[in-house]
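Heads up: the sequence lines are chains A and B, in that order.
Sequential numbering from 3 applies to the first sequence in my numbering.
Sequential numbering from 128 applies to the second sequence in my numbering.
Here's the structure, in structure tokens; my notes come after.
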Amino acid sequence: MSSDTIPLAGEMMPEILGRPSIINGPVSAGSLDDQVLAQVERGPSALWYVALAISSIIMIVGVALIGYTIAEGIGVWGNNIPVAWGFDIINFVFWIGIGHAGTLISAILLLFRARWRNAISRFAEAMTIFAVICALIFPLIHVGRPWLGFWLTPYPNQRGIWPNFRSPLIWDVFAVSTYFSVSLLFWYLGLVPDLASLRDRAVGRFRKFVYSILCFGWRGSSVHWQHFDKAYTILAGLATGLVLSVHSVVSFDFAVSLVPGWHMTIFPPYFVVGAIFAGFAMVVLVLALVRRTMRLENLITIYHMDVMNRVILTCSCLMGYAYLMEGFTAWYSMNEYIHHTFMQYIAGSYAWAGWTTITCNILIPQLLWIRKFRRSYPAMIFVALAVTAGMWLERFVIIVSSLHQDFLVTSWHFYKPTIVDLGILCGTFGLFFTMVLLFARVLPVIATTEMKMVLPGAQPHHLGGSDEQ
Amino acid sequence: MSNEIFSVLGLFDSAQRMTDAIPLVRQKVAGRLEAYTPYPVHGIEKLLVQRKSPVAGMTFIMGLIGAISGVVFEMWANGVDYPLVTMGKPYLSWEAFVPIMFEVAVLFACFTAGLGMLLLLNRLPFFRHPMLHARSMPLITRDRFALAVEADGRPLDVAAVSDALRAAGAESIEIVENLAAPGLLSPRFLFTALLAIGLACMVSGYITYWGIKLFPKSIPVVHMLDQPKLDPQRESAFFKDGFGMRMPVAGTISRGHLPYTVKDEIAAEVLSNPLPRTPEVLKNGRQDYMTYCSVCHGILGDGKASLTAAYGAKPSSYHTQTMRDLPDGRIFHVITSGKSTMPSYAAELLEGERWGTVHYVRALQRAYDAKDEDIPEESSR
């Protein structure tokens with residue numbers, strides 16, 4: 003069988019009975035390169051420049067406001083006792099959560115051999131890295147004097163003291179920095195063979211030189227592939243444990259404290275599911291745009307979108323369970339403080355946020371039970387936008403609603419963000435999309451090597467491969 | 128001069144054909160077999176008889192080292208070097224050290240798996256490999272599968288190897304020679320580039336170091352020194368009188384104190400010491416005397432003390448007859464209101480403390496002027 007013409011599976015029987023096709027139309031290893039890698043070699047379109055201009059202007063506003071915050075101090079934010087954690091920590095948890103979908107797709111789904119992940123893993127991993135960069139900004143500027151941020155790391159100093167390793171905030175430093183560096187490593191290792199493909203396609207001398215350096219002189223020998231494949235699988239296994247630990251540690255920031263509404267054992271799984279939920283919504287949102295504008299419909303098919311929407315639906319149901327558990331804990335514990343905090347979520351000053359959260363995260367995603375909506379662009383973009391907004395508001399409810407009425411009635415305080423808070427939040431969205439746009443131009447957005455592995459006929463029969471798609 | 132032959136490549140158009148060709152080629156020719164493929168072909172290492180990848184073992188060992196070094200460091204830092212009590216737990220309560228132990232283990236393991244694979248096992252980056260300038264390389268990274276017969280010390284029989292590969296189904300044959308690396312990728316250039324990067328890092332490091340050293344308090348790095356608040360004893364444009372500190376409202380008295388209304392020493396003569404002469408009172412009186420009085424009046428009350436020379440005043444000794452005859456009230460009045468160069472001690476000593484000091488002054492006078500009959504019977508024996 004020639005690798006250039008591949009018959010579609012499912013021609014023989016109704017689509018719904020066979021294993022679903024993960025590609026649309028004829029795709030071969032060569033055509034894949036011509037389609038995906040050529041994107042990098044062509045000049046960008048006018049639309050791309052417009053998008054980059056908008057996102058980078060928003061980013062610059064955010065950067066300016068961060069500069070203003072550092073010069074003036076965090077008094078320019080809305081935080082005040084008792085709501086000492088405001089937008090800074092909300093945004094931190096939000097962005098870290100967005101990142102988790104990428105690691106889930108690249109690591110956990112790799113271990114489960116979900117073939118559909120190969121087309122979207124590169125983009126999702128890149129989004130992980132960009133989201134974690136956005137997230138890392140917040141704890142750093144939140145400390146007020148970011149130039150002393152290195153005090154969080156254990157290094158020998160003339161003060162003769164060490165950080166408190168029993169503090170969840172120090173766990174956070176270790177978890178998030180490990181997560182970032184491992185995600186970067188994982189992403190880059192996956193890129194190495196693709197960069198070698200780019201090197202070999204490059205026409206100009208300079209381009210060839212840059213890609214040669216970036217791919218470390220990769221030559222695709224079977225010895226190399228054997229080590230590479232093994233290491234990649236191991237990294238996936240380790241990243242699986244890591245991704246579950248990172249958001250658990252983020253939830254410990256809350257759960258280890260004694261604040262009613264935070265001090266709950268359900269927090270780690272609840273946060274991890276929420277992170278995957280929000281992350282998948284963002285992946286759907288970005289891929290829905292990318293697959294149209296970059297003409298990747300044959301590789302990122304509507305089936306991919308369908309599967310991701312099913313993941314969103316599953317997470318939504320789990321989130322519903324977590325919300326119900328919060329109410330149950332408040333009732334069953336017979337603790338008047340937890341009860342009071344829970345009532346604040348649904349009937350207090352921020353009840354609007356609580357009910358919007360429930361609507362966006364639990365009610366709207368139920369649309370995805372219907373196959374037509376899972377495969378409809380407007381419907382999935384609507385759900386993804388709702389989930390993104392809902393998950394941001396959920397963190398707002400958890401943090402602000404729980405804090406604004408503490409044990410001392412005299413210090414109750416109605417939290418209102420300032421324009422600087424809002425500007426920095428928008429600025430990180432600008433930063434995120436600027437990085438996404440740049441990435442889409444300079445690096446292959448689909449892991450071509452991984453895609454080639456799952457094309458029909460890619461693996462020899464007698465060594466366990468299958469001709470079936 | 129012809130270059131040395133590195134290998135002979137046969138290109139195949141599918142993984143299936145290449146793997147089928149491996150046993151056929153191995154039967155016919157000597158030399159090391161190696162495959163170059165666009166993606167990992169599973170199971171090919173068994174056909175090529177390559178050793179199993181040691182990545183898993185390396186990762187496990189380094190992960191273990193990471194876990195142990197993480198938890199040992201935490202316990203040493205928070206339990207031994209700088210013992211820190213957190214929530215009343217023992218210093219070496221290990222449970223709270225688990226999250227960081229886990230993260231460090233994952234960090235070590237991941238970097239061993241990733242970089243260990245790339246740098247140690249695959250010996251990359253390496254830009255001089257002959258394969259990199261083979262004409263087939265762009266095809267291999269695209270969609271072709273190359274089976275290479277590589278020279279292992281002995282020279283290759285190019286014709287025989289080519290025939291064997293062709294017979295096994297190769298669509299084309301390439302002979303790869305050992306060539307020098309192209310200009311930009313030569314070791315010399317790369318070394319220079321690395322040196323330049325290192326130098327740039329050093330220069331920027333020095334600039335940062337001296338910048339911070341010479342301008343430690345440039346904006347915004349002012350360490351919260353610039354604060355919109357009033358410091359004690361400072362001017363302030365906010366108040367009309369220009370003082371930062373405020374006077375208390377007229378008529379304010381501090382809690383537990385009554386104003387002292389006695390005008391002069393003569394009027395004070397009628398005051399009597401309200402405190403009993405107990406060892407406790409004398410002990411406190413001695414403490415206050417030592418703190419406030421002895422620097423001028425001397426430890427013994429004889430007017431010989433460390434401050435008298437510097438102060439220019441000559442306090443009279445307590446041990447004159449005039450002083451011995453003074454009523455308690457006059458001594459109390461002098462402590463309260465001051466006399467000539469002696470300032471008032473009303474701010475330093477509470478009323479009761481002043482009376483206690485009076486008792487102690489009396490005790491000093493009595494001790495200085497001791498008589499034989501003051502010595503107790505038992506101790507004179």
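Yeah, the Cβ is synthetic: ideal placement off N, Cα and C, and Gly gets one too.
Quick caveat, the model's predicted, so the values are computed rather than measured.
May I have the straight-line CA-CA distance separating Asp469/A from Gly350/A, to the nearest angstrom?
For Asp469/A, the pLDDT reaches just 44, beneath the cut-off of 50, and the residue's location in the model is therefore unreliable, although a value from the coordinates is still provided. Distance between the alpha carbons of Asp469/A and Gly350/A is about 60 Å.
Segments assigned alpha helix (DSSP H), at least 4 residues, entirely inside the region 337-414 of chain B:
392-395
Would Thr450/A and Asp35/A qualify as a contact pair, given that the criterion is a beta-carbon distance under 7 Å?
yes
On the criterion of 16 or more Cβ atoms from any shown chain inside 10 Å, does Trp118/A qualify as buried, or is it exposed?
buried
Below 8 Å on the Cβ atoms is my guess for Val152/B versus Val276/B; work out the distance and round it to an integer in Å.
7 Å
Step through the CB atoms of chain A and report whether any lies within less than 7 Å of the CB of Tyr472/B.
no
At a Cβ threshold of 7 Å, is Gln177/B touching chain A?
Yes, because at least one Cβ of chain A sits closer than 7 Å to the Cβ of Gln177/B.
Would you say Leu136/B faces chain A, with C-beta separation under 7 Å as the test?
no
Of the residues that make up the region 236-268 of chain B, which ones have a beta carbon closer than 7 Å to any beta carbon in chain A?
Cβ proximity to chain A below 7 Å picks out Ala236, Cys237, Phe238, Ala240, Gly241, Met244, Leu245, Leu248, Asn249, Leu251, Pro252, Phe253, Phe254, His256, Met258, Leu259, Met264, Pro265, Ile267, Thr268 from the region 236-268 of chain B.
Does the CB of His1/A have a neighbour CB from chain B at under 7 Å?
Residue 1/A cannot be examined here, being either before or after the span of chain A that is shown, 3 to 471.
With a cut-off of 7 Å, does the C-beta of Phe229/B fall near any C-beta of chain A?
yes
Looking at chain A, which residues of the region 151-177 of chain B have a Cβ within less than 7 Å of any of its Cβ atoms?
Only Glu161, Ala162, Tyr163, Thr164, Pro165, Tyr166, Pro167, Val168, His169, Gly170, Ile171, Glu172, Leu175, Gln177 from the region 151-177 of chain B bring a Cβ to less than 7 Å from some Cβ of chain A.
Are the region 222-235 of chain A and the region 170-183 of chain B touching by the rule of at least three beta carbon pairs closer than 8 Å?
yes
Could you tell me which chain B residues have their CB closer than 7 Å to the CB of Asn166/A, listed as they occur along the chain?
Asn205, Leu211, Thr213
Are the region 404-415 of chain B and the region 484-495 of chain B in contact at 8 Å, needing three or more beta carbon pairs?
Contact holds: three or more Cβ-Cβ distances are below 8 Å.
Against chain B, which members of the region 196-212 of chain A pass a CB distance test of less than 7 Å?
Ala198, Ser199, Asp202, Arg203, Phe211
Beta-carbon proximity list for Gly425/A, same chain, < 7 Å, skipping 5 on both sides:
Val63, Gly64, Leu67
Reducing DSSP to helix, strand and coil, say where Gly425/B ends up.
coil
Rounded to whole angstroms, what's the CA-CA distance from Met345/A to Glu338/A? Just pull it up for me.
10 Å
Tyr163/B, DSSP secondary structure in three states
strand
Cβ pair Val285/B, Val135/B closer than 7 Å:
yes
For the region 433-451 of chain A, enumerate the residues whose C-beta is nearer than 9 Å to any C-beta of chain B, in chain order.
Taking 9 Å as the cut-off between beta carbons, the residues of the region 433-451 of chain A near chain B are Thr450, Thr451, in sequence order.
Tell me, please, whether the region 147-163 of chain B touches the region 174-185 of chain B by the rule of three or more beta-carbon pairs shorter than 8 Å.
yes
Just to confirm, are Thr105/A and Thr130/A a CB contact at a threshold of 7 Å?
yes
Just the chain B side, please: which residues come within less than 8 Å of Asp90/A by C-beta, in chain order?
Under the 8 Å cutoff, chain B gives no residues; its nearest Cβ is about 17 Å from Asp90/A.
For Ala275/B, which three-state DSSP category applies?
Residue state, collapsed to three classes: strand.
Can you confirm whether Arg161/A, when its beta carbon is compared against all beta carbons of chain B, has any partner nearer than 7 Å?
no
Terminal residues of the continuous beta strand (DSSP E) containing Glu304/B?
Looking at the DSSP string, the run of the beta strand (DSSP E) that includes Glu304/B is 299-304.
Closest residue to Ala137/A among Val248/A, Pro28/A, Trp220/A, Ala233/A (Cα-Cα distance)
Val248/A
Have a look at Met284/A and Val207/B and give me their C-alpha separation to the nearest angstrom.
46 Å
Does any residue of chain A have a CB that is nearer than 7 Å to the CB of Glu301/B?
It does not; no Cβ of chain A falls within 7 Å.
Residues that Val389/B contacts on chain A, provided the C-beta gap is smaller than 8 Å
Chain A residues near Val389/B: none, gap ~46 Å exceeds 8 Å.
Would the beta-carbon of Glu230/B fall within 7 Å of that of Ala233/A?
The criterion of a C-beta distance shorter than 7 Å is not satisfied by Glu230/B and Ala233/A.
Cut-off 6 Å between Cβ atoms - residues of its own chain near Phe398/A, not counting five sequence neighbours on either side:
Ile92, Ala355
Does Phe366/B pass the burial test, meaning 16 or more other C-beta atoms within 10 Å, or should it be called exposed?
Exposed.
Taking 6 Å as the limit between beta carbons, can you name the residues of its chain near Pro1/A, skipping five residues before and five after?
It is not possible to answer for residue 1/A, since the shown part of chain A is limited to 3 through 471.
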